[in-house]
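A.B. asks:
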Ligand SMILES: Nc1ncnc2c1ncn2[C@@H]1O[C@H](COP(=O)(O)OP(=O)(O)OP(=O)(O)O)[C@@H](O)[C@H]1O
Ligand SMILES: [Mg+2]
């Protein structure tokens with residue numbers, strides 16, 4: 004049986020410390036970058052010839068296969084592809100949650116493979132927000148405490164005006180004293196969105212953020228993510244299986260068998276669906 008990815012992010016300690024094996028510590032020898040320029044300030048995140056192989060020998064799985072991609076600042080990008088095509092693996096590698104087997108990943112101008120443990124942890128915590136399909140809220144904390152957790156863990160103060168803006172825009176202002184078990188799935192997902200944005204990261208990775216939601220709740224989350232890009236200049240990279248969700252993005256990147264196989268700009272859900280059919284997804 005293949006063991007599924009279990010990102011560090013599922014645990015609150017994710018924000019505290021630690022690096023995936025092979026990343027951080029400055030120990031990994033990554034060699035010179037030969038693709039493009041090293042400095043690309045318009046880029047929120049970049050992968051250069053990234054390959055991720057799980058296992059070895061006959062059971063080896065090439066989850067990501069030589070992917071080079073750029074995600075621009077202040078842009079909403081969707082990543083689509085059949086189940087098992089490597090979407091989550093690519094996202095985890097690009098976010099510094101997992102180490103690629105080979106290749107280079109950058110957040111802004113920082114190459115993740117060259118950072119030591121502390122700097123990688125700081126970068127992830129300060130510059131990246133995560134929204135996961137399974138919410139990953141801490142059950143014993145209230146909604147408010149979950150939202151401020153990333154800031155509380157490092158003892159940084161939360162901008163109260165920004166927090167109020169987030170929770171009122173997400174429609175959860177009156178649910179803040181409740182624990183996750185007392186919230187609907189949609190409300191939990193919106194708490195996870197607020198948590199991802201509370202420290203104003205430049206980049207948000209969202210892995211199927213609407214996968215568990217009905218269409219009303221999905222619309223709320225997607226509208227909010229789009230607003231985060233348009234009004235506040237965050238970059239959002241969102242994995243989704245839903246063509247309607249992808250149509251909220253400005254660009255859709257398609258993966259199949261660990262490779263980029265297509266791209267759509269200004270996507271409509273019909274165009275996305277058509278492309279997905281072609282990929283057999
Ligand atoms: N920890 C792991 N060990 C071994 N194989 C893995 C691991 N994680 C993922 N894989 C395999 O790598 C491939 C890509 O997985 P990944 O989770 O990135 O796909 P995905 O596109 O996100 O799929 P889905 O849409 O189902 O979430 C799959 O074949 C998967 O089984
Ligand atoms: Mg996935």
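In the working numbering, the protein residues as written are 4 to 284. Glycine included, every Cβ here is placed at the ideal spot set by N, Cα and C.
In the DSSP output, which residue or residues are listed as bridge partners for residue 49?
C.D. replies: As a first step, residue 49 is located in the chain shown; it is residue number 46 there, counting from the start. DSSP output for residue 49 lists 73 and 109 as bridge partner(s).
A.B. asks: By the 10 Å Cβ neighbour count, where 16 or more other Cβ atoms means buried, how is residue 115 classified, buried or exposed?
C.D. replies: Counting from 1 along the chain shown, the entry for residue 115 is found at position 112. By the neighbour-count rule (16 or more Cβ atoms within 10 Å), residue 115 is buried.
A.B. asks: Quick one: what does DSSP say residue 57 is sitting in, helix, strand or coil?
C.D. replies: As a position in the chain shown, residue 57 is number 54, starting the count at 1. Three-state DSSP puts residue 57 in a strand.
A.B. asks: Are there three or more Cβ pairs, one per stretch, closer than 8 Å when the stretch 209-229 is compared with the stretch 178-189?
C.D. replies: Taking 8 Å as the limit for Cβ pairs, the verdict is that the stretch 178-189 does touch the stretch 209-229.
A.B. asks: Candidates 128, 212 and 270: which alpha carbon is nearest residue 139's?
C.D. replies: Here residue 139 is taken as the residue at index 136 of the chain shown, counted from 1. Selected option, being the one with the closest Cα: 212.
A.B. asks: At which residue ranges does the stretch 83-164 contain complete beta strand (DSSP E) runs of 3 or more residues, listed in the order of the chain?
C.D. replies: Entirely contained in the stretch 83-164, the beta strand (DSSP E) runs reaching 3 residues are, in chain order, 105-110 and 131-135.
A.B. asks: Starting from residue 277, trace the beta strand (DSSP E) in both directions and tell me its first and last residue.
C.D. replies: The sequence position of residue 277 within the chain shown is 274, counting from 1. Segment 272-282 is the alpha helix (DSSP H) holding residue 277; no beta strand (DSSP E) there.
A.B. asks: Quick check: the Cα distance between residue 65 and residue 87, rounded to an integer number of angstroms?
C.D. replies: Reading the chain shown from its first residue, position 62 is the one you call residue 65. Reading the chain shown from its first residue, position 84 is the one you call residue 87. Straight-line Cα distance between these residues: approximately 10 Å.
A.B. asks: Could you compute how far the alpha carbon of residue 58 sits from the alpha carbon of residue 104?
C.D. replies: In the chain shown, counting from the first residue as 1, residue 58 sits at position 55. In the chain shown, counting from the first residue as 1, residue 104 sits at position 101. For residue 58 and residue 104, the distance between alpha carbons rounds to 11 Å.
A.B. asks: Assuming residue 72 and residue 206 are in contact, meaning their beta carbons sit under 8 Å apart, how far apart are those beta carbons, in whole angstroms?
C.D. replies: Start at 1 with the first residue of the chain shown, and residue 72 comes out as number 69. Start at 1 with the first residue of the chain shown, and residue 206 comes out as number 203. With a Cβ gap of about 14 Å, residue 72 and residue 206 do not count as contacting.
A.B. asks: Which value, in whole angstroms, describes the spacing of the CA atoms of residue 214 and residue 117?
C.D. replies: The sequence position of residue 214 within the chain shown is 211, counting from 1. The sequence position of residue 117 within the chain shown is 114, counting from 1. Whole-angstrom Cα-Cα distance: 34 Å.
A.B. asks: So what's residue 258 in DSSP terms, helix, strand or just coil?
C.D. replies: The count along the chain shown starts at 1 and reaches residue 258 at position 255. Strand at residue 258.
A.B. asks: Are any of the Cβ atoms in chain D nearer than 8 Å to that of residue 236?
C.D. replies: Judged by its chain identifiers, the structure shown contains no chain D, having just a single protein chain.
A.B. asks: Among 145, 97 and 149, which residue has its Cα nearest to the Cα of residue 286?
C.D. replies: What is shown of the chain runs 4 to 284, which leaves residue 286 out entirely.
A.B. asks: Near residue 224, what residues of its chain come up, given a Cβ to Cβ distance below 7 Å and the 5 sequence neighbours on each side ignored?
C.D. replies: Taking the chain shown and counting its residues from 1, the one referred to as residue 224 is at position 221. So the list reads 192, 193, 196, 212, 213 and 216, once near-sequence residues are dropped.
A.B. asks: In whole angstroms, what is the alpha-carbon distance linking residue 259 and residue 90?
C.D. replies: The residue you call residue 259 lines up with position 256 of the chain shown. The residue you call residue 90 lines up with position 87 of the chain shown. If I take the Cα positions, the gap works out to 9 Å.
A.B. asks: Give me whichever residues DSSP pairs with residue 65 in a beta bridge.
C.D. replies: Counted from its first residue, the chain shown places residue 65 at position 62. Its beta-bridge partners are 56.
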